[in-house]
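Reading through the structure tokens given below for one structure.
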Amino acid sequence: MQRKHLPSVQESTGFPEGLKHVTKEKLTQKSFKSNILDVFMAYIFKFFGILAIILLGVILFFLIRESIPALREVGIAEFLTGQRWNPSSSEPGYGALPFILSSLMVTTGALVIAVPWGVFTAIFIAEIAPKRVRELLKPVVETLAIFPSVVLGFIALVIIGPIVAGVFGLSSGTTAFTASVILSVMALPTIVSIAEDALKSVPKSHREAAYALGASRWETIQNVILPAAMSGVFAGVMLGFGRAVGETMTVLMAAGNALDMPITQFFGVWLPEFFQSVRTLTANIAIQGSDVPWGSLHYSSLFVTAIILFVITFIVNLASDLLISRQRRKIGHE
1 MQRKHLPSVQ ESTGFPEGLK HVTKEKLTQK SFKSNILDVF MAYIFKFFGI LAIILLGVIL
61 FFLIRESIPA LREVGIAEFL TGQRWNPSSS EPGYGALPFI LSSLMVTTGA LVIAVPWGVF
121 TAIFIAEIAP KRVRELLKPV VETLAIFPSV VLGFIALVII GPIVAGVFGL SSGTTAFTAS
181 VILSVMALPT IVSIAEDALK SVPKSHREAA YALGASRWET IQNVILPAAM SGVFAGVMLG
241 FGRAVGETMT VLMAAGNALD MPITQFFGVW LPEFFQSVRT LTANIAIQGS DVPWGSLHYS
301 SLFVTAIILF VITFIVNLAS DLLISRQRRK IGHE
């Protein structure tokens, strides 16, 4: 009678003899120490997340508490619509409209310069550049974010300002346009980074399907990749706006800090005056915050302008977060 061949341990399991077979349950089983560490780290992350929310609430509470005297005596309408700011005169004025318009105008001008620059740079890095160029260019762009704002403001003051004055025949180069140019450089890393992440998150199958239909690389980018990543790209633009509108030292040195309304009438239409000296909300707080009498109405009015700036940046950042979440859900469904 022929003896039936029994498979060895190596033949039956695929593992060499002497090596224990590790099942999925054993592989995923955690030790008691690992479980304790996971729970501890989860509580640590939760604690710091709650702490950040508490700090934000404390800051907002402090701003509201210090601004209540000015809101009661002057009223929010005067701050939002008044055009004269002179809290120290015998007939004080608390109109912050010139600062609001200047902040929005300088930031919008910066985005007009930075958005095409940043989006095309992100497209080049994500879709076109060779690997070596991509590895070199991306750190270079991100390096712009580490420069101190006072350094960039000094560059705007001594280099960009004289160039602007010479080109446009101005007596001084410290204008809204100069501030917009240097702010566009500061907003560029944020726009490039977020836009590139959005472009790279588009599934590879989209590109392959477009190429299979005979589309060129640019047609694929223009008609497939960019529309699919538009929410993320727009979120990067909004974050760049928030980065620029909250900048202080750069606009303090580059914009000139005049108290006039930054608009001019042209054939009956009011237009922003970019070649005029302006003062933003952040610059006004920085200039007057150190000299204002503590507890005075002037002191309280500066906190009202701080609340206005806080609301603007909060809305912009909230909108960008919603757009990023929308982009992630869209990519997830696809």
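Per full-length UniProt numbering, the sequence shown starts with residue 1, numbered consecutively.
No residue lacks a Cβ here, since even glycine has one placed at the ideal position from N, Cα and C.
Discussion item. Taking the alpha carbon of Leu270 as the reference point, which residue from Gly153, Thr305, Leu101 and Ile315 has its own alpha carbon closest?
Written reply: Here the sequence assigns Trp to residue 270, which means Leu is not the residue at that position. Measuring from the Cα of Trp270, the nearest candidate turns out to be Leu101.
Worksheet item: Alpha carbon to alpha carbon, how far is Thr108 from Tyr211?
Response: Distance between the alpha carbons of Thr108 and Tyr211 is about 37 Å.
Discussion item. With a threshold of 7 Å on Cβ separation, who are the neighbours of Ser67 within its own chain once the five nearest residues in sequence on each side are excluded?
Written reply: So the list reads Ser300, Phe303, Val304 and Ile307, once near-sequence residues are dropped.
Discussion item. Rounded to the nearest angstrom, what separates Arg72 and Gln288 at their Cα positions?
Written reply: C-alpha separation (whole angstroms): 21 Å.
Practice prompt. May I ask you to verify whether the segment 215 to 232 touches the segment 171 to 184, counting CB pairs closer than 8 Å and requiring at least 3?
Written response: Per the Cβ contact rule, the segment 215 to 232 is not in contact with the segment 171 to 184 (fewer than 3 Cβ pairs under 8 Å).
Worksheet item: Near Ile312, which residues of its chain fall below 7 Å by C-beta distance, leaving aside the five closest residues on each side in sequence?
Response: Within its own chain, the residues whose Cβ lies closer than 7 Å to the Cβ of Ile312, once the five positions on either side in sequence are excluded, are Val245, listed in chain order.
Practice prompt. Report back the beta-carbon spacing between Pro262 and Pro98 to the nearest angstrom; my notes put them in contact at under 8 Å.
Written response: Confirmed, Cβ separation roughly 6 Å.
Worksheet item: Any contact of the segment 274 to 292 with the segment 226 to 234, i.e. 3+ C-beta pairs under 8 Å?
Response: Output reads no: the segment 226 to 234 does not touch the segment 274 to 292.
Worksheet item: Cβ atoms of Ala195 and Gly240: under 7 Å apart, would you say?
Response: The criterion of a C-beta distance shorter than 7 Å is not satisfied by Gly240 and Ala195.
Item to complete: Express the C-alpha separation of Val151 and Leu27 in angstroms, rounding to a whole number.
Response: Here Leu27 scores only 49 on pLDDT, less than 50, and its place in the model should not be relied on; the value that follows carries that caveat. The straight-line gap separating the alpha-carbon atoms of Leu27 and Val151 is approximately 54 Å.
Item to complete: Let me know the secondary structure DSSP gives Leu213 once reduced to three states.
Response: It is coil, neither helix nor strand.
Practice prompt. Check whether the Cβ atoms of Ala283 and Val251 sit closer than 7 Å, and answer yes or no.
Written response: Their beta carbons are under 7 Å apart, which means Ala283 touches Val251 by this criterion.
Fill in: Cβ neighbour criterion (16 or more within 10 Å) applied to Ser34
Exposed.
Worksheet item: Considering only C-alpha positions, which residue in the set Ala156, Ala129 and Phe147 is nearest to Ala176?
Response: For Ala176, the nearest C-alpha among the options comes from Ala156.
Discussion item. For Arg192 and Ala215, what's the separation of their Cα atoms in angstroms?
Written reply: Per the sequence shown, the amino acid found at residue 192 is Val instead of Arg. The straight-line gap from Cα to Cα measures roughly 25 Å.
Worksheet item: What's the gap between the Cα of Thr280 and the Cα of Asn257?
Response: Answer to the nearest angstrom: the Cα atoms are 7 Å apart.
Worksheet item: Bridge partners of Pro272, per DSSP?
Response: BP columns for Pro272 point to Ile263.
Worksheet entry | Range of the contiguous alpha helix (DSSP H) that encloses Leu137 | Segment Lys131 to Thr143, the alpha helix (DSSP H) holding Leu137.
Item to complete: Kindly list the residues whose CB is nearer than 7 Å to the CB of Ile123, restricted to its own chain and excluding five residues on each side of it in sequence; keep chain order.
Response: Excluding sequence neighbours, Ile123 sits near Leu199 and Ile221.
Worksheet item: Quick one, are the C-beta atoms of Met253 and Gly153 less than 7 Å apart?
Response: Yes, these two residues count as a Cβ contact at 7 Å.
Worksheet item: For Ala145 versus Pro116, is the C-beta distance shorter than 7 Å?
Response: Cβ distance not < 7 Å, so Ala145 and Pro116 don't count as in contact.
Discussion item. Quick check for students: name the residue ranges of the alpha helix (DSSP H) that lie wholly in the segment 37 to 102, counting only runs of 4 or more.
Written reply: As far as the segment 37 to 102 is concerned, its whole alpha helix (DSSP H) runs of at least 4 residues are 76 to 81.
Item to complete: Return the chain-ordered list of same chain residues with a C-beta closer than 6 Å to the C-beta of Val224, the five sequence neighbours on each side being excluded.
Response: Once the five neighbours on either side are set aside, the close Cβ partners of Val224 are His206 and Ala210.
Fill in: Close-in-space but distant-in-sequence residues of the same chain around Leu6 (CB under 6 Å, 5 per side omitted)
Reliability of the predicted coordinates at Leu6 is poor, the pLDDT of 49 falling under 50, and the value obtained from them is presented with this limitation in mind. Excluding sequence positions up to five before and after Leu6, its CB lies less than 6 Å from no other CB in the same chain.
Item to complete: Compute the distance between the beta-carbons of Leu322 and Trp85, then report whether it is under 7 Å.
Response: The Cβ-Cβ distance between Leu322 and Trp85 does not fall below 7 Å.
Worksheet item: So what's Val202 in DSSP terms, helix, strand or just coil?
Response: Coil at Val202, not helix or strand.
Worksheet entry | Which listed residue (Phe147, Thr178 and Ser149) has its alpha carbon closest to that of Ile160 | That would be Thr178, whose Cα lies nearest to the Cα of Ile160.
Worksheet item: Near Leu309, what residues of its chain come up, given a Cβ to Cβ distance below 6 Å and the 5 sequence neighbours on each side ignored?
Response: Within its own chain, the residues whose Cβ lies closer than 6 Å to the Cβ of Leu309, once the five positions on either side in sequence are excluded, are Leu281, listed in chain order.
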